[in-house]
Structures are given as C-alpha cells and as structure tokens.
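In the working numbering, the protein residues as written are 1086 to 1600.
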C-alpha cells in the first residue's frame, strides 16, 4: 500500500497548489525571484500533461468503489457486532440448557442403573430359590421307595414318582415370563434414553460445528474495528488524491487555455485519443468552455502567476502516475481488508444461523422432555408391579420347596412309623406266645385233673346228670383280628434304612429350627 508523501504536491491539499491570484504559493516555490525566472513550457508537453491528467481522472471509478467498500464495511461491521452479540447470547443460553439436559439425563441414567442392579438381585434370588427347589426335586428323585411298601413285582419307584411336577413347571414358566417382562421394561426405557442421548448429541454437534467469534483467526490480523478504520482512512485518502488529480487537471486546462494555440491543439489531440482509446467521460472542450464562461480562481493575473502555475503543473505532472498507482494500491488493500471483514461477517452470520438451528433443536427437545421424564415414571411403576409378581412367585417356589422337603421328611417318618409298628407287633407276638404257653400248661393241668376226677367218681355219677361232665377241656387260640391289605404284615426294614431316615429327620429338624 502506497503511503502519502510529504514531498508530493499532488498528495497535498489542492488548496496549497493554487496560483498567485489565490494568495498562496506552491510549496516548491522557494523565492519570488526564482518564480519570475521560470522557463516557458513547450505547448506539446503541456498538452501531453493535459491528456495524462485527463486519463488519471478515470481513477474516479476506483474512488467510487472505495467509497462503496467503506459504506459496506460500516454495515458489515454493524452486522458483525449485532450477530456476534446475538449468537453469543444464544450460545451461552443453549450451553446452559444443554448442561441442564445432561444433568437430567444423568438422573434418568441413575434410575436405569438402579433397575439393572435390582434386576441382577432379582435374578440372583430366583436362581437361589430355583436351585434350592431343584435340589429338593433331585433329592426326591434319588430317594427310592422301599420295596416293602409296594406290591411285589413292581418296578422300583422314587418319591418324585408320586407327585405332580406340573406345579413346579408352571411356576418356573411364570418366572421366565417375569424375567422377559422385566427385560422388556428395561429395553423400553433404554430406547427412551437412547433417543434422549441422540437429541443431546445432535444438539451438541450443531453447537460444536457452528463457528463462534473465537473461531475468527486473530494472530497478527487486525480486529473488525481496526479494519473498518483502515478502510475509511483509505477511502478518505483516495478521495483527497482524486481531488488533487482533479485540481491538477483544472490547472492543465487553465495553462492550455492561456497558451496561444493550446486550445486547438488540445482539442485535436483529445479527439485523436478518444478515437484510439475510447471516451473516458471527461470532455476537455467542455471544461475549457466552462472556465471561459466562469472566471476561475486558477486564472493567472500576471506573468509571474502564470509562470508559477506552469511550474506547479510540471511538478505535479511528474507525480500523476504515482498518485494513480497509489489509488490503485489503496483500493487493492481495501479489497483485501474488506475480504477479511467479509469473512468475519460470514462467520458471524454462520454462528447466528447455527445458534438459531440449535435453538430450534433445543425447543424440540424441550417438547419431548416431558415424555422422557414420563418414561422414567412408567419404568418405575411397571418395574414395581412386576417385582411384586416376582416376589409372589418366589414365595410360591419357596412353599413348593418346603412342601416337598416335608414330603421327604414324612416319608422318613413313615419308615420310622413302620419300624415302630413292627416292633409293637413283635412285642404283641411275644406276649401272646408267652400267654399261649401258660394257657397250654394250665389246660394240661386241667386235663390231668379232669382225668383224675373221672377215675375217682366217674363210676358213681350217672352220665346224664351233667352233660359236660364227660367233655374235654376247652381249646384257646389267639388270632389276629382282621387281615386287610392296608394293615397287612410288613416285612422288616433294613437297619441302615431306618438309621438313615432318623439322620435325615434330625437334619430337617435342625434346618427348620434355624429358619
């Protein structure tokens, strides 16, 4: 970017380069004596200066573009400030709401984790009770019924053969159904949590993908305010440079107009230039006519004034190309700076648009949040209901186990009862055997006495006196009453069977005592 030079009259205010009639001398004029001795200028050279000055005025389009950039930059800067403020406010609010959503999600996750932990506890309890019941069933299957209790020739059977296993199978199927129902409840709640996660993830992604003001490259890059200030400064300097070029052109026109033959030559050369290069929008004839109709401040009053004017024209003519180049360089710099500002504007707009999108997503999540919270309540309600059902089934399984254990204990008691009855029968037989022996002895004594009686007095007593006098002694026999199958003779049980039954009953009693 070209900088203003303190040595260039064109880069100064055009008021400093006015002729003597304006009461100001050009900075290049050292003394009045030097102005009076200034040499005259060839008319062709003067016309060339005029044509160059005329072409330099095409820089007006660059200055207009610079002014347009400066105005657009002001608007962009205002937009950046507004969009950045709004986007920043939205971002802060959305991040705050996102943090609340994350905390809510953690709370729901805690409920879900509680459910998983409780499910593991329930399954563990189910496995424990089912294992105990299964152990009891195996014990019944392994406990064979003694052959003394069954009809002869029957295949050996176990205690399990005398119960209906349908109840056990039914409660196990019900327990499996409860497990499936608990898993379905978990899966339903897990689906709600997954949708909640997706909502939060999508919201975070939009926020993360949306640029913020911090995403605008800084480093050595100037801020938006500094860029705007630079653009306005460039535009103002370019306007001043264009004013200097315009003033130089006016002075060239005045010099041509006050030079004999200059006007005709200038018009002819201008026409030729127009034909070869095209019209640049500035009419030399029009400017000459305007100056002739209106007395210009540049009009020299004396020869010294004219000499001073010509000197200024020559000096400024050397700098026209530099000034035009500086205008071009300044515009190039402005275009580059404006591009940076536009990038900042685009980033701010993207940030604002992204935050609006995130805000819309946040609104949708807010509409669904009630459903997520309701899902937690539904999860707890359904879980508690199914949990009560599980507890009822666990109690039923425990009751079945206890019943079958008592059934096994009852069988052991039956063994002991049979052994007790056999012992009673043995004692009865022993008593009756001894009684029979005593009766037999008594009857033998009675027979001897009867025989002695008949021998002593029998011949003296008529036989028809007492019909029973000649009768023999009565016979006495002990006979078991009844002979039903249910109370039939029981074969003796092995001693090992009886002892094992006693031990099992003792252990069962200890277990019931512990419980």
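Virtual Cβ for every residue (Gly too), placed ideally from N, Cα, C. On a predicted model such as this, the values are computed, not experimentally measured, just so you know.
Query	Result
Same chain, Cβ closer than 6 Å to residue 1115, neighbours up to 5 away in sequence not counted	In this predicted model, residue 1115 has a pLDDT of only 32, less than 50, meaning its place in the structure is not dependable enough to derive any value.
Rounded C-alpha distance that separates residue 1129 from residue 1391	17 Å
For residue 1229, the three-state DSSP class (helix, strand or coil)	strand
DSSP state of residue 1043 mapped onto helix, strand, coil	Nothing in the structure corresponds to residue 1043, since the chain is present only between 1086 and 1600.
Segment contact, 8 Å Cβ cut-off, at least three pairs: the region 1151-1171 with the region 1415-1435	yes
Beta-carbon spacing of residue 1499, residue 1583 below 8 Å	no
Stretch pair the region 1324-1339 + the region 1484-1493: three plus CB contacts closer than 8 Å	no
Cutoff 7 Å; reference residue 1159; Cβ partners in own chain excluding five residues on either side	1313
Closest residue to residue 1340 among 1242, 1532, 1254 and 1387 (Cα-Cα distance)	1387
Distance CB(residue 1230)-CB(residue 1244) smaller than 8 Å	yes
Straight-line Cα distance separating residue 1592 from residue 1562	46 Å
Minimum C-alpha distance to residue 1585 - residue among 1549, 1547 and 1504	1504
Run of the alpha helix (DSSP H) containing residue 1252, from where it starts to where it stops	1251-1294
Among 1545, 1342, 1333 and 1450, nearest to residue 1403 - alpha-carbon criterion	1333
Per-residue DSSP class, three states only, for residue 1178	helix
8 Å Cβ cutoff met for residue 1439 and residue 1295	yes
Touch test, the region 1190-1208 against the region 1260-1278, Cβ-Cβ under 8 Å, three pairs minimum	yes
Straight-line gap, residue 1493 to residue 1225 (C-alpha atoms, nearest Å)	7 Å
beta-carbon residue 1247 near the ligand NAP non-hydrogen atom, thresh 7 Å	As for the ligand NAP, it is missing from this structure, which has no ligand bound.
Residue 1141 (DSSP reduced to helix, strand or coil)	helix
Span separating the alpha-carbon of residue 1551 from that of residue 1544	14 Å
Cα-Cα separation, residue 1342 to residue 1335	10 Å
Range covered by the alpha helix (DSSP H) that runs through residue 1548	Looking at the DSSP string, residue 1548 is not in any alpha helix (DSSP H), and its letter there is neither H nor E.
Whole-number beta carbon distance between residue 1430 and residue 1141, since they are thought to touch under 8 Å	Not confirmed; about 33 Å, so no contact.
Own chain, CB closer than 8 Å to residue 1434, minus 5 neighbours either side, in chain order	1164 and 1168
Collapsed DSSP secondary structure at residue 1297 in the structure displayed	coil
Beta-carbon contacts of residue 1528 that lie in its chain and below 8 Å, excluding the five residues immediately before and after	1558, 1559, 1560 and 1561
DSSP three-state assignment for residue 1557, whether helix, strand or coil	coil
Sequence-distant residues of the same chain with beta carbon closer than 7 Å to residue 1277, five excluded per side	1457 and 1460
Cβ-based burial, residue 1455 [other Cβ within 10 Å; buried from 16]	exposed
Whole-angstrom distance between residue 1516 and residue 1216, CA atom to CA atom	52 Å
Residues near residue 1172 by beta carbon distance below 6 Å, same chain, minus five either side	1436, 1437 and 1440
Beta-carbon proximity list for residue 1478, same chain, < 7 Å, skipping 5 on both sides	1256, 1259, 1260 and 1263
Residues near residue 1446 by beta carbon distance below 8 Å, same chain, minus five either side	1284, 1287, 1288 and 1291
Close beta carbons around residue 1196, own chain, < 6 Å, minus the five adjacent residues each side	1461
Integer Cβ distance of residue 1464 from residue 1281, believed to fall under 8 Å	That belief does not hold up - the Cβ atoms of residue 1464 and residue 1281 are roughly 13 Å apart, past 8 Å.
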